[in-house]
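Numbering (my numbering), first residue to last: 104 to 709. Beta carbons are placed, not taken as given, at the ideal position from N, Cα and C, and that holds for glycine. See structure below.
Structural data, given as structure tokens:
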């Protein structure tokens with residue numbers, strides 16, 4: 104469907120039963136986000152907020168809340184985009200079936216951006232304080248744009264074809280920002296926009312930035328799509344949206360003609376201000392840190408402009424469905440790029456970057472006595488050197504030959520397969536003092552932490568315990584609970600230090616009968632951790648730093664290789680440097696409950 108604006112998309116979704124309207128006045132402070140969260144949790148429709156308190160503009164959320172709705176929005180182009188991705192991996196297919204693939208060529212023709220001389224978004228001006236200032240979580244530093252499309256150009260190669268369009272969060276007010284004059288930009292210098300800023304800094308010139316909000320949903324998808332280096336987000340937006348990306352220039356700024364809002368401004372060299380806190384997709388607040396500040400020059404908007412937004416928090420959330428749609432489009436694109444890799448899954452329940460599952464092959468190395476990880480270690484290193492996958496903290500990798508039916512999409516079965524085969528004396532491969540995701544506070548500094556590859560190959564070595572064995576615990580450790588076969592969670596007293604945990608775990612003694620406990624998790628609340636597999640994944644892998652928080656029964660160091668002969672222990676307790684978890688406001692929740700009463704807009708939805 105070739106939508107020309109957010110309004111077109113909202114109208115189409117409503118006409119086809121994919122959207123509801125909320126007519127009651129709603130507060131952009133916490134209430135709109137709480138409504139979104141509740142509707143998303145109930146697998147509900149997109150939400151159009153007609154009456155935003157203190158604001159003339161309407162807002163829409165949950166556009167991508169289900170894969171079904173996303174596929175509906177791109178129903179006319181999705182198949183051809185999938186073919187384009189497939190043909191990139193195997194272009195010979197196009198030569199074998201030229202007539203069959205002619206529609207793919209037509210899709211590609213719509214990919215190129217088009218300069219426009221009719222720009223509806225320039226029709227009106229406003230100011231930041233007149234926008235929907237949506238604050239999602241109680242301790243956020245202010246209101247944020249959560250679906251911004253941040254556009255910059257290379258100062259050495261200006262023009263749309265060498266531009267960058269990325270979704271980097273924008274803080275609109277709060278902290279030290281001068282309202283209507285400044286906004287905060289959160290991004291890292293290794294991103295596309297960071298490269299552009301570094302070049303502008305070197306020339307001691309400000310970087311011109313355009314922030315697009317709204318427009319066709321294809322623009323939003325382009326902003327989050329992990330495209331290969333050198334492929335423009337604008338071309339992808341045109342192809343998936345069945346409408347060429349239209350743009351013009353105003354005072355040196357690129358303006359998206361189809362956007363609902365455009366905020367323009369400049370980022371000056373070495374001009375930073377505190378940004379945050381912000382409730383993020385790991386389920387915690389990312390804390391206040393210095394990030395670039397943008398001096399605002401103009402805020403444009405079209406007639407009947409609609410403000411799209413989303414809410415991030417402990418997964419699954421709407422951004423989970425972005426991942427599902429991206430996988431629907433790309434299929435096996437990443438495995439095709441890495442020889443020997445069959446399948447990967449950035450585990451959403453663990454916050455995506457903290458945990459990755461992978462399946463590879465042991466194709467080349469013959470073993471006389473025992474199969475063990477070899478090629479899959481090479482594959483693991485390749486994974487950790489690939490784009491956003493470089494942010495992975497824990498990587499578990501298995502071999503396809505051991506179980507051709509194994510899938511990374513079933514976390515419990517995948518971990519069971521690993522734990523049945525892993526050898527803790529050899530299969531732990533650490534990278535210490537390295538970089539991790541900026542939003543991950545399990546390390547002791549911003550962007551600072553460690554990584555661990557756990558590689559398992561070969562025959563099944565053990566049966567995993569399914570009942571709690573006798574465990575001798577030191578003082579301060581209590582309430583052991585079975586999480587899944589082979590895994591126990593234990594509540595522990597307040598964390599003191601890594602060295603103190605190491606001393607205390609020397610007293611651990613697990614008395615096996617025949618089946619084994621292979622992994623022990625130290626947590627604040629073992630009952631919560633063991634309640635669901637998602638609780639276990641979230642607690643364990645978002646709250647631990649491998650180099651500091653992994654211990655083991657009967658551990659040893661040999662030739663700088665660390666291992667253990669008994670169970671591996673992961674300390675996933677809360678530490679003093681961790682960011683606080685996200686919690687809902689009870690009073691706001693009561694207001695949302697009222698909207699679900701009979702005769703109200705959310706009756707039958709929540």
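- request: With residue 254 as the anchor, note down where its beta strand (DSSP E) starts and where it stops.
  value: Note, residue 254: beta strand (DSSP E), 252-255.
task: Return the Cβ separation of residue 231 and residue 282 in integer angstroms, given the expectation that the two are a contact with Cβ distance under 8 Å.
output: In this structure residue 231 is in contact with residue 282, their Cβ atoms being roughly 6 Å apart against a cut-off of 8 Å.
query: To the nearest whole angstrom, what separates the beta carbons of residue 674 and residue 625, a pair I think is in contact under 8 Å?
result: Indeed they touch by this definition, with Cβ atoms about 5 Å apart.
query: In this structure, what does DSSP give as the bridge partners for residue 551?
result: Residue pairing from DSSP places residue 551 in a beta bridge opposite 538, 548.
message: Please state the DSSP three-state secondary structure of residue 666.
response: It is a strand residue.
query: Does the pairing of the region 296-314 with the region 158-177 give three or more beta-carbon distances under 8 Å?
result: Contact fails between the region 296-314 and the region 158-177, because fewer than three Cβ pairs, one in each stretch, are under 8 Å apart.
- prompt: Quick one: any contact between the region 166-173 and the region 124-136, if contact means 3 or more CB pairs under 8 Å?
  reply: At 8 Å Cβ cutoff, the stretches do not touch.
Status (buried if at least 16 other CB within 10 Å, exposed otherwise) for residue 247: That one is buried.
- prompt: To the nearest angstrom, how far is it from the Cα of residue 644 to the Cα of residue 637?
  reply: Rounded to the nearest whole angstrom, the C-alpha separation of residue 644 and residue 637 is 11 Å.
- request: Grab me the residues of residue 341's own chain with a C-beta within less than 7 Å of its C-beta, minus the 5 sequence neighbours each way, in chain order.
  value: Non-local beta-carbon contacts of residue 341 in its own chain, meaning distances under 7 Å to residues more than five positions away in sequence, involve 213, 214, 215, 216, 347, 348 in chain order.
task: Inspect the beta-carbon positions of residue 257 and residue 299 and report whether they are closer than 8 Å.
output: Taking 8 Å as the cut-off, the beta carbon of residue 257 is found closer than this to the beta carbon of residue 299.
- prompt: Hey, out of 440, 587, 407, 504, whose CA is closest to residue 618's CA?
  reply: Of 440, 587, 407, 504, the residue nearest in Cα terms is 587.
- request: Starting from the N-terminal side, write out each stretch of the alpha helix (DSSP H) that is 4 residues or longer and does not extend beyond the region 368-456.
  value: Counting only unbroken stretches of 4 or more residues, the alpha helix (DSSP H) elements lying wholly within the region 368-456 are 421-433, 436-440, in sequence order.
message: I need the DSSP call for residue 135, collapsed to helix, strand or coil.
response: Here residue 135 sits in helix by DSSP.
- prompt: Mind checking whether residue 403 and residue 227 have CB atoms under 8 Å apart?
  reply: Their beta carbons are under 8 Å apart, which means residue 403 touches residue 227 by this criterion.
message: Less than 6 Å between C-beta atoms, sequence neighbours within five positions excluded: which residues of the same chain meet that for residue 366?
response: Closer than 6 Å at Cβ, skipping near neighbours: 314, 402.
- request: Whole angstroms is fine: what's the gap from residue 296's alpha carbon to residue 326's?
  value: For residue 296 and residue 326, the gap between their C-alpha atoms comes out near 12 Å.
field: Residue nearest to residue 361 in terms of C-alpha spacing, selected from 110, 661, 698
entry: Measuring from the Cα of residue 361, the nearest candidate turns out to be 110.
Rounded Cβ spacing between residue 495 and residue 554 (contact assumed at less than 8 Å): Here residue 495 really is in contact with residue 554; their C-beta atoms are around 7 Å apart, less than 8 Å.
- prompt: How close, in whole Å, do the beta carbons of residue 311 and residue 280 come, if the pair is a contact with beta carbons under 8 Å?
  reply: A Cβ-Cβ distance of about 19 Å is found for the pair residue 311 and residue 280, leaving them out of contact under the 8 Å criterion.
- prompt: Which value, in whole angstroms, describes the spacing of the CA atoms of residue 117 and residue 392?
  reply: Taking the straight line joining both Cα atoms gives about 40 Å.
query: Between residue 363 and residue 672, what straight-line distance do the alpha-carbon atoms span, to the nearest angstrom?
result: Cα to Cα, residue 363 sits roughly 51 Å from residue 672.
message: Using only the alpha-carbon positions, how far apart do residue 286 and residue 396 sit?
response: About 6 Å.
task: Compute the Euclidean distance between the alpha carbons of residue 538 and residue 141, then round it to the nearest angstrom.
output: Residue 538 and residue 141: Cα-Cα distance of roughly 35 Å.
Option in 497, 476, 584 with minimal Cα separation from residue 559: When only C-alpha atoms are compared, the closest one is 476.
message: At 3 residues or longer, what runs of the beta strand (DSSP E) sit wholly inside the region 542-615?
response: Segments of the beta strand (DSSP E) lying fully in the region 542-615: 551-559, 573-575, 580-587, 590-595, 612-614.
message: Determine whether the beta carbon atoms of residue 486 and residue 480 lie at a separation below 8 Å.
response: No, these two residues do not count as a Cβ contact at 8 Å.
- prompt: Tell me which same chain residues have a C-beta within less than 8 Å of the C-beta of residue 703, skipping the five on either side of it?
  reply: Result list for residue 703: 127, 697, in chain order.
field: Contact under 8 Å by Cβ, residue 390 with residue 382
entry: Cβ distance not < 8 Å, so residue 390 and residue 382 don't count as in contact.
message: Considering Cα atoms alone, identify which of 129, 550, 545, 657 is closest to residue 681.
response: Between residue 681 and the set 129, 550, 545, 657, the nearest pair of CA atoms involves 545.
task: Give a yes or no on whether the C-beta atoms belonging to residue 519 and residue 567 are separated by under 8 Å.
output: Yes. Within cutoff.
query: Straight-line CA distance for residue 607 to residue 577?
result: Approximately 7 Å, taken between the alpha carbons.
query: Does DSSP put residue 509 in a helix, in a strand, or in coil?
result: Residue 509: coil per DSSP, three-state reduction.
query: In this structure, does DSSP put residue 122 in helix, strand or coil?
result: If DSSP states are grouped into helix, strand and coil, residue 122 belongs with the strands.
- prompt: If residue 414 and residue 249 are in contact, beta carbons under 8 Å, what's the gap, nearest whole angstrom?
  reply: Confirmed, Cβ separation roughly 7 Å.
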